[in-house]
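Trainee:
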Amino acid sequence: MPATQSIRLLGPGDEALLIRLAEKFYNSQLAPAEAKALLKRAEQFMLCILEGNDLAGFCYFHILPRWYDGVNEIFLYDLEVEGEHQRKGYGRRFFRKIFSIAKDRDIPIIWLLAKGSNATAMQFYEDMGGKIQTEEAVLIEFYPY
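For the sequence shown, position 20 matches number 32 in our numbering, and the numbering has no gaps at all.
#1: Rounded C-beta distance between Gly69 and Thr16? I'm assuming under 8 Å.
#2: Could you check the C-alpha separation between Pro24 and Lys48 for me, to the nearest Å?
#3: Keeping to the same chain, check which residues put their C-beta closer than 7 Å to that of Phe57; ignore five residues upstream and five downstream.
#4: Leaving out five residues on either side along the sequence, give the residues of the same chain with a beta carbon under 6 Å from the beta carbon of Ile121.
#5: Rounded to the nearest angstrom, what separates Glu27 and Leu67 at their Cα positions?
#6: Quick check: what's the CA-CA separation for Ala44 versus Leu50?
#7: Going by other Cβ atoms of all chains shown within 10 Å of its Cβ, with 16 needed for buried, is Met76 buried or exposed?
#8: What would DSSP say about Glu94, mapped onto helix, strand or coil?
#9: Out of Asp81, Ile144 and Phe106, point me to the one whose CA is closest to Val93's CA.
#10: In or out: Ile61 buried (at least 16 other Cβ within 10 Å) or exposed?
#11: Using three-state DSSP, classify Asp118 as helix, strand or coil.
#12: Determine the DSSP secondary structure at Ala43, reduced to helix, strand or coil.
#13: For Ile152, count neighbouring C-beta atoms within 10 Å of its own C-beta (all shown protein chains included) and say buried if the count is 16 or more, exposed if not.
#14: From the DSSP output, in three-state form, read off Glu138 for me.
#15: If we ignore side chains and look at the alpha-carbon of each, how far apart do Ile144 and Leu91 end up?
Structure below.
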């Protein structure tokens, strides 16, 4: 019998789950106090897909306010589905949840950065309604210290 599947929006009280998630997807150790502080941030959202007790996928995004016109945007920072859990519709479920959150908060724009060379991801984003911008973008990072 297949494991129960659920998508979950993390919030206060989900510190243990966030700690597990940080270790599994980022190979990062997160202290309980750090997890608690992260889950209190109103501008960020973390979703996970659970197959029974197994973390199958994770999605992390932020609401970015545009002060000059009052139209907020969502920046999708990360979306990952574990290899053995891919091709089960989890990416689509993440996007449906993000779209629902955007609609509930009247946020008309969602954007993300992706490697153009990842044909599978690019096709998936297009299938989900994403419009690939034709203007070449360059990611520039700064490390001030």
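In this text, a Cβ means the ideal position worked out from N, Cα and C, and glycines have one as well.
Mentor: On the basis of the supplied data:
#1: The beta-carbon distance between Gly69 and Thr16, rounded to whole angstroms, is 15 Å. This is too long to meet the 8 Å contact definition.
#2: Rounded to whole angstroms, Pro24 to Lys48 spans 7 Å at the Cα level.
#3: Around Phe57: Leu21, Phe73 and Ile113.
#4: Cβ contact annotation for Ile121 (same chain, cutoff 6 Å, sequence separation greater than five): Glu85, in chain order.
#5: Between the C-alpha atoms of Glu27 and Leu67 there is a straight-line separation of about 14 Å.
#6: The sequence given here has Pro at residue 44, not Ala. Roughly 10 Å separates the two Cα atoms.
#7: It should be noted that the sequence gives Leu, not Met, for residue 76. Under this definition Leu76 is an exposed residue.
#8: Residue state for Glu94 is assigned as coil, using DSSP reduced to three classes.
#9: When each option's Cα is compared against that of Val93, the closest is Phe106.
#10: Its Cβ being crowded by 16 or more others within 10 Å, Ile61 is buried.
#11: Looking at Asp118 - three-state DSSP - the assignment turns out to be coil, as it is neither helix nor strand.
#12: In the structure shown, Ala43 sits in coil (DSSP, three-state: anything other than H, G, I, E or B).
#13: Counting the other Cβ atoms within 10 Å of the Cβ of Ile152 gives fewer than 16, which makes it exposed.
#14: Three-state DSSP puts Glu138 in a helix.
#15: Ile144 and Leu91: Cα-Cα distance of roughly 17 Å.
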